[in-house]
Structure formats: C-alpha cells, structure tokens
C-alpha cells in the first residue's frame, strides 16, 4: 500500500505491505471554520472567561504580543491584524506595541522568516523582535517557583501593560500540549529558566509526555511561571492536517487554553487495539523537520503504541542538519542511552540535553532508525539511532528481525497525532 508521509516541503511516498499494516494513524481533525477571520474577531469580542480584549487595551499604554518562531505553523497573518486593530482603536500607538518572537533557545529569526511569519504589512509598520534567552540584561528576574526554578522573563514582556500571547494547540512531547502558558516560558524565558524547565526533575516523570495535562508537573510549573510574569489574554487556534483553522480559543489564559486542549484532544486522537512491532512516523514535515533537534518530537509521540523492543522508523528531512551547536556536540559524547541517562541524573543541566534525553527515552524503548537526507552517518553517531536510505530498507530489517508477519502502524504527520492504545476516553 502506498502512503504519503509529511517529509520536508514535498513529502515522501512509501510502500507498506497491506498484510502487515494495522492502521494508518491520521488525525481525523475537526472541520475547518468556514470564516476564520470572523471567528477570530468574535473570539476577541466574546472571549472565554474574561473581558473583551478591547477592555484590556483601553486600560493600557503599552502592549507586548508574543508569537511563535518559524518552527511553529501559526497563522499569524490572520490572527494579528484584528488584535492590532483593536489595540489601535483603543488608543495604543504603533510605537507602543512590541511583537515579540518567542524563540526560547532556538536560533534568531531571519528577515525572510519574519516576513513569512507576519507579512509585509505588519513587518513594515510594527516593531517585530526576537526574544534572546542568552542575553541576561534583557530579562527581569521574578524570583523562584515552589520547585526552585529560577524565573527570568524577557523585560519587554514583563514591562508591557498588556500581555497577549498568540499560538496554537497541539500535542507536545513534554508539556502535554503546546500553546497557552508555554509562550511565556520557555518561549520568553532566560537561559537558566529554560534549562531548569528541561531538567530530569520534570522530563523523567512519566506524566511529562504528549497528551498529559492534569498530572504533568511541567504543565503546572509553566502555569506558575506565567502567573508570576503576568499573562492577560491568549489567542490560540487549532489546525487540521492542511493547516486550516478548526477552532479559536481566546481569553483567560488558563481557561481558554484548557478549552482548546479538550477540543484538540478529541480531534487528533488515533488508536490501535494493541501495541505494534513497528511504527513508521515523521516529524510532520516542514518546518518541524528542518533539524533533527526538532524532529525528535516525532519519535517520542509514538512510543505509547510501540512494543518494548520494537522498531521506530523516523522519516525526517533535517535540511539544516542536527540543529544547535550544543546539541550536536553533546550527541557525540555518550556511548549509549543508558550512559547518558546516568550522566544527566548526576550533573547540572546543560543546554539542549533535553532533546538528547528524548532520543534516549526512545532508544531505551525501541530500536530507532532514521531515514533522512540531511543527517550524515557521521552526525548520527551518538544519537543512539541507526540509519537507512529508505523506509522500505528499514522495514526489511524489521521483517528480518520480527518475522514476515510483523505488525506495522504508520503515523504520517507524527507529533500532530495523539496516538494511544484503544481504551475509552
């Protein structure tokens, strides 16, 4: 059976024997909103559990609007104009509005990427700037959480009278779901805060995973930090597989995000009756598979449906290679996933160890095979994975190992789908 995978910008066609295929696990999604512009405007005037945005704007003299960087496909060109329109209608000048790109510890945005994210009309009229986590002087120290996480947040955000975050909600490998509180931290947090949030204290907790919210310690930590920094209003959306808006959740940061999470959970959940021998997955193509660092999200998302000792085949283009320098350097230091886990449990957190920790989680669970045109065999060393030139080559290895009747599940858009064993919701 031919199956199309999200891979880079063009996709990848693969062939999977029908006799082995248990299921192609695509998110059903919700139907697209017929008129998203009207829906967004309505959500700003009639938000979830708070006053309309214009009432917040009426009391403010400055505003900071936080948006995602290029690695997140947020439709900012549709979401930002009505927000900016309301702010100006209520008396804010363009010079009093900062659009802050929540880069976390990602690389800075290029001018071309900013143009892609917000469009020429906004880029030419408003101040659109990157958060810079590694510049301490650009942060305000707010103290510590109950878990002793040191909290420093971008001063441009902290000093704004009105704090708005714009994002989208999808399953997230650590925080359960993206969006909401995650835009404040790690999105606009300082390096030490980000490192603490990615420590084994959180990541080794079994509830720190895709789809988990109520018992997820990282989720609750992020909520606490957002409250410390101030978080007035969110505009979050849900998207279908084609990137169309299926839901708009604006208003009270906690309540609107929670409403969106439940909507998304129902829309993206896909199940199989029992764990399978082999999972073929992706990191949802461009822009999430630009680097292996980001592509890791496709690996951890499918572990709930994969047998212990099974094979995980990840197809990710990784056009920009492994990712950040810290991650690339660290990837070469450890001979096995077990050695790496022992090291992180006994040493201070260093930048980017968390993505390698997710690699190690997958490697401790299964044999991981990467199909990528952007990661060389030399770069792959230390990632606790194998490589193959094609998905079909990797599948043949699986048949050699597990037999000709090995069971296979395919997840074409990886982390966008919340995969689970079939139990009642």
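In this note's numbering, the protein residues as written are 2 to 426.
From the three backbone atoms N, C-alpha and C, an ideal C-beta is built for every residue, glycine too.
Three-state secondary structure (DSSP) at residue i?
i: residue 426; result: With a pLDDT of only 49 at residue 426, under the threshold of 50, the placement of this residue in the model should not be trusted; the figure read from the coordinates follows. Note: residue 426 maps to coil in three-state DSSP.
i: residue 295; result: helix
i: residue 130; result: strand
i: residue 137; result: helix
i: residue 418; result: coil
i: residue 22; result: strand
i: residue 401; result: helix
i: residue 76; result: coil
i: residue 161; result: coil
i: residue 378; result: helix
i: residue 44; result: helix
i: residue 431; result: The question about residue 431 has no answer, for the chain in this structure spans 2 to 426.
i: residue 183; result: helix
i: residue 9; result: coil
i: residue 386; result: coil
i: residue 198; result: helix
i: residue 35; result: coil
i: residue 275; result: coil
i: residue 396; result: helix
Using C-beta distances below 8 Å, list every residue in its chain close to residue i, excluding the 5 sequence neighbours before and after it, in chain order.
i: residue 83; result: 38, 41, 42, 45
i: residue 225; result: 146, 147
i: residue 126; result: 95
i: residue 255; result: 181, 182, 224
i: residue 222; result: 146, 148, 150, 198, 203
i: residue 186; result: 152, 154, 194, 195, 198, 223, 226, 227, 230
Let me make sure I understand the geometry here. Which of the options has the alpha-carbon closest to that of residue i?
i: residue 280; options: 273, 209, 312; result: 312
i: residue 142; options: 107, 154, 149; result: 154
i: residue 115; options: 73, 11, 309, 217; result: 73
i: residue 365; options: 371, 380, 381, 338; result: 338
i: residue 375; options: 419, 418, 318, 404; result: 318
i: residue 77; options: 139, 91, 246, 134; result: 246
i: residue 107; options: 275, 241, 49, 188; result: 188
i: residue 261; options: 407, 271, 22, 238; result: 238
i: residue 1; options: 278, 120, 62; result: Here the chain comprises residues numbered 2 to 426, so residue 1 is not present and cannot be evaluated.
i: residue 71; options: 29, 64, 130; result: 130
i: residue 166; options: 250, 92, 222; result: 250
i: residue 137; options: 191, 382, 391, 170; result: 191
i: residue 293; options: 308, 359, 176, 81; result: 359
i: residue 124; options: 264, 112, 133; result: 112
i: residue 326; options: 89, 351, 232; result: 351
i: residue 159; options: 132, 170, 177, 171; result: 132
i: residue 27; options: 168, 414, 422; result: 414
i: residue 209; options: 371, 172, 79; result: 172
i: residue 307; options: 295, 296, 274, 288; result: 274
i: residue 232; options: 408, 419, 64; result: 64
i: residue 1; options: 399, 371, 333; result: Missing from the structure shown is residue 1; the chain here goes from 2 to 426 and no further.
i: residue 354; options: 417, 302, 330; result: 330
Only counting the same chain, and skipping five residues up and downstream in sequence, which positions put a Cβ closer than 6 Å to that of residue i?
i: residue 369; result: 313, 363, 386
i: residue 344; result: none
i: residue 335; result: 341
i: residue 272; result: 421, 423
i: residue 408; result: 23, 277, 278
Assign residue i to buried or exposed, taking buried as 16 or more other Cβ atoms, counted over all protein chains shown, within 10 Å of its Cβ.
i: residue 94; result: exposed
i: residue 213; result: buried
i: residue 300; result: buried
i: residue 243; result: exposed
i: residue 1; result: Examination of residue 1 is not possible in this model, given that the chain is present from 2 through 426 alone.
i: residue 20; result: exposed
i: residue 286; result: buried
i: residue 426; result: Unreliable positioning characterises residue 426 in this predicted model, as indicated by a pLDDT of 49, which lies under 50. A coordinate reading is not provided.
i: residue 58; result: buried
i: residue 164; result: buried
i: residue 181; result: buried
i: residue 1; result: The chain is shown only over 2 to 426; residue 1 falls outside these bounds and no answer can be derived.
i: residue 310; result: exposed
i: residue 253; result: buried
i: residue 99; result: buried
i: residue 102; result: buried
i: residue 47; result: exposed
i: residue 104; result: buried
i: residue 367; result: buried
Keeping to the same chain, check which residues put their C-beta closer than 7 Å to that of residue i; ignore five residues upstream and five downstream.
i: residue 346; result: 201
i: residue 151; result: 145, 193, 194, 197
i: residue 14; result: 3, 5
* To do: List in chain order: all unbroken beta strand (DSSP E) runs of 3+ residues lying wholly within the stretch 302-372.
  => Listed in chain order, the complete beta strand (DSSP E) runs (minimum 3 residues) inside the stretch 302-372 are 307-316, 368-372.
* Which ranges does the beta strand (DSSP E) cover as unbroken runs of at least 3 residues, wholly within the stretch 202-272, from first to last along the chain? -> Fully enclosed beta strand (DSSP E) runs of 3 or longer: 234-240, 246-252.
* **Those runs of the alpha helix (DSSP H) which lie wholly inside the stretch 80-127 and span at least 4 residues** => Here the runs fully enclosed are 112-119, 121-124.
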